[in-house]
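Take the sequence shown: its letters are residues 3 to 274, numbered as in this note's numbering.
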Amino acid sequence: MSIPTTLSSSGRKRIKALKDGRVRLSGDVTLRELYEAEPDIELYVEPLSAAQKLSEFLAEGGLGYGSLGNGTFGGQLCSVKSAYGGLEFSYGRGTMPLYNTGYPLQRIMEGTGPDLLDGKFGAASEMIVRARARTDVALDHTPSEAPDLPGANGAESVFFVNATAAKAMGLPGAGVVKVRRAGEAGGSGDDAWSKRFVLDALPEGHAKLLVLTQPSGARTLCDAHGADHADGVFLALAVHTGVLVAASAPPAGVEGLAKAAADLPLTWRLGA
3 MSIPTTLSSS GRKRIKALKD GRVRLSGDVT LRELYEAEPD IELYVEPLSA
53 AQKLSEFLAE GGLGYGSLGN GTFGGQLCSV KSAYGGLEFS YGRGTMPLYN
103 TGYPLQRIME GTGPDLLDGK FGAASEMIVR ARARTDVALD HTPSEAPDLP
153 GANGAESVFF VNATAAKAMG LPGAGVVKVR RAGEAGGSGD DAWSKRFVLD
203 ALPEGHAKLL VLTQPSGART LCDAHGADHA DGVFLALAVH TGVLVAASAP
253 PAGVEGLAKA AADLPLTWRL GA
């Protein structure tokens, strides 16, 4: 495995594979950088953008591919270094996943009730996260114009993509996708899976909206997005707490969709 020689501000390597399927990362590492450095591993929970800093992914909730069965990115952490109110801290021993019941520190850092805190968390500067050996995947695509997500039935991820997102992934059209592990270690799997990071393929001038909602909310937002911003990306991903909606539109359109989301029950905007 090749490991980059660039160093973090602390003088340590920005990416370092550890024992027992763990990786130590600087907070500014992106998923693309991690996979280029360690091509034989993958994270249990991945963001929808390979170009996003993993510290930002943690701060906006840590929901992404793999969340249906594995929870959040924060739930995969063995330790994290950050700051709160300007004071630096280190949390976790780094040898096993952090306690993840109730509201432990990493869940609060994931955006749980930040408006209720007296201070603010800084970006995570370093993390140790669980990883696994990369395996092949197989994608099942069913044409559909609505984000009616079926049960997983053994699939690791289930999501809907509109025509724009489908084109970016190389899929034949809008529809529901199920992702299954093929079980062969070391492979790349379906070619469309390599293009899954749809937030890296937004149309020029578009901004993103991330919303955690429920199935009815996903349908409402899909209709609103399709009526005015069909040229933008729309993805609805089943997660363990509901449905993660990722949509793109010009900035004014994003704010319009955010207002529509604010009127929906059990719906929260992420990363705003």
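From the three backbone atoms N, C-alpha and C, an ideal C-beta is built for every residue, glycine too.
- For G71, the uninterrupted alpha helix (DSSP H) segment begins and ends at S69 to N72.
- Taking 8 angstroms as the upper bound for CB-CB distance, L27 and R34 are not in contact here, some 13 angstroms apart.
- In the three-state scheme derived from DSSP, where H, G and I count as helix and E and B as strand, M171 is classed as helix.
- In chain order, L141, M171, G172 and L173 place their CB closer than 7 angstroms to the CB of A194, counting only its own chain and leaving out the 5 sequence neighbours on each side.
- Three or more Cβ pairs closer than 8 angstroms define a contact, and the stretch 44-51 meets that threshold against the stretch 74-82.
- A distance below 8 angstroms between beta-carbons, with the five flanking residues on each side excluded, links K55 to the following residues of its chain, in chain order: G29, D30, V31, T32 and A125.
- When rounded, the separation of the alpha-carbon atoms in A254 and K21 is 47 angstroms.
- Around the CB of G156, fewer than 16 other CB atoms lie within 10 Å, so the residue is classed as exposed.
- Going by C-alpha positions, S84 is about 26 angstroms away from T243.
- Taking C-beta atoms as the reference points, M111 and L65 fail to come closer than 9 angstroms.
- Within the same chain, Cβ atoms closer than 6 angstroms to the Cβ of V256 are found at A209 and L211, the five residues on either side in sequence being excluded.
- The alpha carbon of V25 has as its nearest neighbour, out of A226, I130 and P99, the alpha carbon of I130.
- In the structure shown, K197 falls within a helical segment according to DSSP collapsed to helix, strand and coil.
- In the three-state scheme derived from DSSP, where H, G and I count as helix and E and B as strand, T144 is classed as strand.
- Taking 9 angstroms as the cut-off, the beta carbon of S81 is found closer than this to the beta carbon of G96.
- In the DSSP assignment, L214 falls within the beta strand (DSSP E) that extends over A209 to T215.
- Put simply, of Q108, A264, A148 and H231 the residue whose alpha carbon is nearest the alpha carbon of L79 is Q108.
- M98 carries a coil assignment under DSSP once its states are collapsed to helix, strand and coil.
- Bounds of the alpha helix (DSSP H) holding G255 are P253 to A264.
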